[in-house]
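Engineer: Supplied in structure tokens, the structure appears directly below.
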Amino acid sequence: MFQLDSFSIFSIAAYLLIALITLLCAPRKDLDSFRLKSFMIIVGGTLLAYASGSIWLFLLGWAITVVPFRGERSGVMLIASTVALAVGAGLNTFSSDKTVHVAAFAAIAIAVLLRKGIFPFHFWVPIAFEDSSLPALNLFLNSHLGAFLLIRFGVPLFPDVSLQALTFLGTLAILTAVYTAVLALVAKRPRRVLALLCISQASFILAGLENRNVEGITGALVHWSVVAFATTALLAVYRSLEARTTEVEAPEGFLGLGYHAPRLAVFFAVAALALVGLPGTLGFAAEDLLFHGSLESHPLLGVGLPFATALNAITALKLAATLFLGRRGIHVPKIPDAQARERWALTLPIVLLVAGGLAPSMLIALRTPSAEWIAELLAGR
Amino acid sequence: MDTLLVGILAAPGITFLALSLVWLLGWTPPEKVVTRLTQIVCSGMALACAYLAWLMYESGTTSFSVSGGSWFHAGEYHFALTLLADWLSLPMIALTIILVGIVAPFSARYLHRDRGFFRFFLLLHLFAFGALLAFASSSYDLLLGGWELVGITSVLLIAFFDERREPVRNSIRVFAAYRMADLSLMLAIFFIHYSPQSYTTIGLLLLLAAAGKSAQFPFSGWLPRAMEGPTPSSAIFYGAISVHLGAYLLLRSGSILDHAPWVSVAIFAIGAQTALMANLIHRVSPDAKTSLAYAAMAQLGIIFVEISLGYPKLALLHIIGHAIVRTLQFLRAPSMLHDYHRVHAAAGGQLAKTGAIYERLLPQRLQVWLYRAGLERGYYDALLERFVVGPVLRLAQWVEGFEPDGVPRLEEPKKAAITSGNQLVEY
Chain A
3 MFQLDSFSIF SIAAYLLIAL ITLLCAPRKD LDSFRLKSFM IIVGGTLLAY
53 ASGSIWLFLL GWAITVVPFR GERSGVMLIA STVALAVGAG LNTFSSDKTV
103 HVAAFAAIAI AVLLRKGIFP FHFWVPIAFE DSSLPALNLF LNSHLGAFLL
153 IRFGVPLFPD VSLQALTFLG TLAILTAVYT AVLALVAKRP RRVLALLCIS
203 QASFILAGLE NRNVEGITGA LVHWSVVAFA TTALLAVYRS LEARTTEVEA
253 PEGFLGLGYH APRLAVFFAV AALALVGLPG TLGFAAEDLL FHGSLESHPL
303 LGVGLPFATA LNAITALKLA ATLFLGRRGI HVPKIPDAQA RERWALTLPI
353 VLLVAGGLAP SMLIALRTPS AEWIAELLAG R
Chain B
9 MDTLLVGILA APGITFLALS LVWLLGWTPP EKVVTRLTQI VCSGMALACA
59 YLAWLMYESG TTSFSVSGGS WFHAGEYHFA LTLLADWLSL PMIALTIILV
109 GIVAPFSARY LHRDRGFFRF FLLLHLFAFG ALLAFASSSY DLLLGGWELV
159 GITSVLLIAF FDERREPVRN SIRVFAAYRM ADLSLMLAIF FIHYSPQSYT
209 TIGLLLLLAA AGKSAQFPFS GWLPRAMEGP TPSSAIFYGA ISVHLGAYLL
259 LRSGSILDHA PWVSVAIFAI GAQTALMANL IHRVSPDAKT SLAYAAMAQL
309 GIIFVEISLG YPKLALLHII GHAIVRTLQF LRAPSMLHDY HRVHAAAGGQ
359 LAKTGAIYER LLPQRLQVWL YRAGLERGYY DALLERFVVG PVLRLAQWVE
409 GFEPDGVPRL EEPKKAAITS GNQLVEY
């Protein structure tokens, strides 16, 4: 019923860390009993899904994480993903016919595409960013249950179909990365920009899995950690700015908030640059592995990845500049800089991203056994 | 020798990390501490570099590499940490150390009591580390790391005066140009690994990367925008080290360019065109720093021409000489009027007019056309805006039109508090 191995234990540990950072950084108004219940539901569901050894238990965890979003505009897509996964699991369990297995994998693939916000189902993510509580959404998105589902159940249960379908899924992921990176160039509201950045960079996890070699898959798994920690820090800083001033919701020019909050500005800038692979951060090592892994199996990724990250880097810097620079100090609202609670919580992902970038071999070594296991699965062994 | 080379490279990196950490923990070191620390680091690096050069001379070594094993590995891929000191990298390393050592004490006075004093020195150390890494790396993968660090520090220093909008706007524009150069370099690396025999493709991508970093056609428009930064950073970045990284990349890629004669023709064309146009713009620029930026661009064009004609050692000498002279000119730029008055007074109040000699040989209409092209800065920005930036943004706006505004709700939210601005729902 439960399956705990290096892959799931690492995912659980990293996710608990993210949950802790999110909770510590969340503004007090995000910590009322209703929202705390939402956090707990998402964290509980995700941990159940990570630890599950059967697809039905995984489905239960998956469905639990969707509950807090059921009343929102994005809820339709998330419920659809749950239904698709249920259909896939049902078809797999109750029939052993090969054609039915193809349909079952197709249903699971649709669930993955919906959950991860892969083109053409990407549009719910910006909508969710504008509707939902950011800390809860961060916990939901950074579970990356779509990629987890594919690795844990998709490939092992449907080895023949999944190998052919992965090329298609990988290509869609690259298309999503480039498409959302282009869209982010003209997005105005910070929440929408952050949503598009998150989708674009997270798409590389799925694209990297398609590499089918150890270096590419290790790159994808390390990139998973980069996306999780960097976006957690980005969303935490942005949410703390929203709690301090309403100006950030729809800025009409440079806000210059870094004048009074330089540490928040630095946390945001480092997380944004780590997300897009700045040298000296873990993002650089992850993208280098993805980049080289793709040389052997998927040259399109080798071209798509640097193009999307180049555009995302411009968008990330533009957003950081809009929020923190460009206005005379006397016109900037007097907001407090990072509080001690936020400072310690935000230092954690930043230190992990920078220390991981300076000495990436330890984290990469931790992820390599999982990558080798996935590569073996994909090789059909 | 190995330890010396690693020590030279590590010193600014460790200083940057140490200063960043103490700042994040809540202590901003006073100016005196930062200045003294920088002096010690720069002096140590200069002595180590001189000793390394002496050891190489004594032992008759023309080049040596230091292997630090693999930085990380997965599967069959290893990221090799190998440094190289040879005829090309060692002079550039020495040049970087000397110029950082000169610019640092100048900046200590120039930025005295400035709000961004600490930030400037922090970025100066990161820049020194990035530049030394780029010059000392023996692989393109490692060079890319240093290359990108130089780019990001450059951008952050352009936005140094962050209370004004224009420096921030210009820093984003410069970053966009840099990212295009980075993208070209990444794709070149991709082809070097994936298809090493595609010399012409690799060469053209390396040329694009080099042109972006060295502000050559068609990327020249970013250089005057970069002048928004403080003068010491303009001196070290755009007069000396950063702009020469592109030329260095081409010199380092000599073995690839030897197999791609058409790429050399392209390097010649781009270099010559930029040199001529930058010279024109330099003559009509109204402010000192912009004028110096275009003068530097013109010299870089000539360096590109030298590389294309197969004179790498001449190009290296040109880079070193140009970097030193240009740094001096940039650092003297704030005192230009004072200098002029001093020379004017020394000459007894009568200075002979200079320039405008060869121009008179040209037909009047051509003079006017060239003057206008100079004023419009060679139409470089207009061309990029029209044929690259504009279409990309229009494409993004066009596809955004297909993005759905929303999907229907299944049920109403528990507590709805919708703000009119951006449909933000707090539940």
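If you read the protein sequences in the order shown, they are chains A and B. With the first sequence counted from 1, adding 2 to any position gets you my numbering. With the second sequence counted from 1, adding 8 to any position gets you my numbering. All C-beta atoms, glycine included, are put in the ideal place defined by N, C-alpha and C. This one's a predicted model, so the numbers in the text were calculated from it and none came from an experiment.
Classify A204(A) as helix, strand or coil using the three-state DSSP reduction.
Structural biologist: Here residue 204(A) refers to the residue found at position 202 when the first sequence is read from its first residue. Here A204(A) sits in helix by DSSP.
Engineer: List, in chain order, every chain A residue whose beta-carbon is nearer than 9 Å to that of G254(B).
Structural biologist: Numbered from 1 along the second sequence, position 246 holds the residue referred to as residue 254(B). Those do not exist, as G254(B) stays about 17 Å from chain A at its closest Cβ, beyond 9 Å.
Engineer: Beta-carbon separation of R329(A) and G258(A) under 7 Å?
Structural biologist: For the purposes of this step, residue 329(A) is identified with residue 327 of the first sequence, where counting begins at 1. For the purposes of this step, residue 258(A) is identified with residue 256 of the first sequence, where counting begins at 1. Cβ atoms of R329(A) and G258(A): closer than 7 Å.
Engineer: Is it the case that the Cβ atoms of L213(B) and S192(B) are separated by a distance below 7 Å?
Structural biologist: Taking the second sequence and counting its residues from 1, the one referred to as residue 213(B) is at position 205. Taking the second sequence and counting its residues from 1, the one referred to as residue 192(B) is at position 184. Cβ atoms of L213(B) and S192(B): closer than 7 Å.
Engineer: Do T349(A) and I20(A) count as a contact pair if the criterion is CB distance below 7 Å?
Structural biologist: By 1-based counting over the first sequence, the position of residue 20(A) is 18. By 1-based counting over the first sequence, the position of residue 349(A) is 347. No.
Engineer: Does DSSP classify Y246(B) as helix, strand or coil?
Structural biologist: The count along the second sequence starts at 1 and reaches residue 246(B) at position 238. Of the three classes helix, strand and coil, the one that applies to Y246(B) here is helix, per DSSP.
Engineer: Across the region 135-145 of chain A and the region 223-242 of chain A, are there enough close Cβ pairs to call them in contact, namely three or more that are closer than 8 Å?
Structural biologist: The region 135-145 of chain A, when compared against the region 223-242 of chain A, does touch it at the 8 Å Cβ threshold.
Engineer: Return no unless some Cβ of chain B is closer than 7 Å to the Cβ of G358(A).
Structural biologist: Sequence index remark: in the first sequence, residue 358(A) carries index 356 (1-based). Answer no: the Cβ-Cβ gap between G358(A) and chain B never drops below 7 Å.
Engineer: Of all the options A287(A), E254(A) and G279(A), which has the alpha carbon lying nearest to the alpha carbon of N314(A)?
Structural biologist: On the first sequence, residue 314(A) is found 312 positions in, with the first residue counted as 1. The candidate whose alpha carbon is nearest that of N314(A) is G279(A).
Engineer: Apart from the five residues on each side of it in sequence, which residues of its chain come closer than 7 Å, Cβ to Cβ, to A111(A)?
Structural biologist: Locating residue 111(A) in the first sequence gives position 109, counting from the first residue. Same-chain partners within the cutoff: A167 and L171.
Engineer: Alpha carbons only, please: which of F169(B), V273(B) and L215(B) is nearest the one belonging to F326(A)?
Structural biologist: As a first step, residue 326(A) must be located in the first sequence, where it is residue number 324. Per the Cα distances, F169(B).
Engineer: Taking only three categories from DSSP, how would you classify S98(A)?
Structural biologist: Position 96 of the first sequence holds residue 98(A). It is coil, neither helix nor strand.
Engineer: Does any residue of chain A have a CB that is nearer than 7 Å to the CB of I22(B)?
Structural biologist: Reading the second sequence from its first residue, position 14 is the one you call residue 22(B). Answer no: the Cβ-Cβ gap between I22(B) and chain A never drops below 7 Å.
Engineer: Output the distance between the C-alpha atoms of A306(B) and P281(A), rounded to the nearest integer angstrom.
Structural biologist: Residue numbering aside, residue 306(B) sits at position 298 when the second sequence is read from its first letter. Residue numbering aside, residue 281(A) sits at position 279 when the first sequence is read from its first letter. Between A306(B) and P281(A), the C-alpha separation is close to 31 Å.
Engineer: I'd like to know whether the C-beta of G414(B) is nearer than 7 Å to at least one C-beta of chain A.
Structural biologist: In the second sequence, the residue the question calls residue 414(B) occupies position 406. Low confidence applies to G414(B): its pLDDT is 49, below 50, so where it sits in the model is not reliable, and the reading given next is rough at best. Yes, because at least one Cβ of chain A sits closer than 7 Å to the Cβ of G414(B).
Engineer: Which residues in the same chain have their Cβ closer than 8 Å to the Cβ of Y256(B), if we skip the five residues on either side of it in sequence?
Structural biologist: The residue labelled residue 256(B) in the question sits at position 248 within the second sequence. The answer, listed in chain order, is L96, M100, A142, F143 and I327.
Engineer: Are the region 323-338 of chain B and the region 243-259 of chain B in contact at 8 Å, needing three or more beta carbon pairs?
Structural biologist: Judged by Cβ distances under 8 Å, the region 323-338 of chain B makes contact with the region 243-259 of chain B, as three or more pairs qualify.
Engineer: Do you know offhand how far V469(B)'s Cα is from R394(B)'s?
Structural biologist: What is shown of chain B runs 9 to 435, which leaves residue 469(B) out entirely.
Engineer: Starting from the C-beta of V313(B), find all residues in its chain whose C-beta is less than 6 Å away, skip the five residues before and the five after it, and write them out in chain order.
Structural biologist: Position 305 of the second sequence, counted from the start, is the residue given in the question as residue 313(B). Same-chain partners within the cutoff: F276, G279 and A280.
Engineer: Is the number of C-beta pairs between the region 198-218 of chain B and the region 282-297 of chain B that are closer than 8 Å three or more?
Structural biologist: Contact between the region 198-218 of chain B and the region 282-297 of chain B is absent, because fewer than three Cβ pairs lie under 8 Å.
Engineer: When burial is assigned at 16 or more other CB atoms within 10 Å of the CB, is P117(B) buried or exposed?
Structural biologist: As a first step, residue 117(B) must be located in the second sequence, where it is residue number 109. In the sequence on display, residue 117(B) carries Arg and not Pro. Flag for R117(B) reads exposed.
Engineer: What's the call for Y17(A), buried or exposed, on a 16-neighbour Cβ count within 10 Å?
Structural biologist: What you label residue 17(A) is simply residue 15 of the first sequence in a count that begins at 1. Label assigned to Y17(A): buried.
Engineer: If I measure Cβ to Cβ from A340(A) and keep anything under 6 Å in the same chain, skipping five residues before and after, which residues do I get?
Structural biologist: Here the question's residue 340(A) lines up with position 338 in the first sequence. Around A340(A): R265 and L266.
Engineer: What is the residue span of the alpha helix (DSSP H) that H346(B) lies within?
Structural biologist: The residue you call residue 346(B) lines up with position 338 of the second sequence. Its alpha helix (DSSP H) spans residues M344 to A354.
Engineer: Do you know how far the Cα of A130(A) is from the Cα of G414(B)?
Structural biologist: The sequence position of residue 414(B) within the second sequence is 406, counting from 1. The sequence position of residue 130(A) within the first sequence is 128, counting from 1. Residue placement at G414(B) is flagged as unreliable, the pLDDT there being 49, under the threshold of 50; a coordinate-derived value is accordingly withheld.
Engineer: Determine the DSSP secondary structure at G409(B), reduced to helix, strand or coil.
Structural biologist: The residue you call residue 409(B) lines up with position 401 of the second sequence. Reduced to three states, the DSSP call for G409(B) is coil.
Engineer: Whole angstroms is fine: what's the gap from G15(B)'s alpha carbon to L319(A)'s?
Structural biologist: What you label residue 15(B) is simply residue 7 of the second sequence in a count that begins at 1. What you label residue 319(A) is simply residue 317 of the first sequence in a count that begins at 1. If I take the Cα positions, the gap works out to 32 Å.
Engineer: Can you grab the Cα-Cα spacing for the pair R442(B) / L383(B), in whole Å?
Structural biologist: With chain B represented from 9 up to 435, any question about residue 442(B) goes unanswered, as that position is not in the structure.
Engineer: Tell me where the beta strand (DSSP E) around A381(A) begins and ends.
Structural biologist: In the first sequence, counting from the first residue as 1, residue 381(A) sits at position 379. No beta strand (DSSP E) contains A381(A), which DSSP labels as neither H nor E.
Engineer: I want to check one thing, is the minimum distance from the CB of V229(A) to the heavy atoms of the ligand FAD below 6 Å?
Structural biologist: Annotation note on the ligand FAD: not contained in the displayed structure, which lists no ligands.
Engineer: With C-beta atoms as the reference, is T311(A) less than 7 Å away from V356(A)?
Structural biologist: What you label residue 311(A) is simply residue 309 of the first sequence in a count that begins at 1. What you label residue 356(A) is simply residue 354 of the first sequence in a count that begins at 1. Result no, Cβ atoms of T311(A) and V356(A) do not sit closer than 7 Å.
Engineer: Would you please state the rounded distance, in angstroms, between the beta carbons of W230(B) and A185(B)? I believe it to be under 8 Å.
Structural biologist: Within the second sequence, residue 230(B) is the residue found at index 222, counting from 1. Within the second sequence, residue 185(B) is the residue found at index 177, counting from 1. Correct: roughly 4 Å between the Cβ atoms.
Engineer: Who pairs with A88(B) in a beta bridge, going by DSSP?
Structural biologist: Walking along the second sequence from the start, residue 88(B) turns up at place 80. A88(B) is bridged to S78(B).
Engineer: Give the secondary structure of S8(A) by DSSP, where H, G and I count as helix, E and B as strand, and everything else as coil.
Structural biologist: Here residue 8(A) refers to the residue found at position 6 when the first sequence is read from its first residue. In the structure shown, S8(A) sits in a helix (DSSP, three-state: H, G or I).
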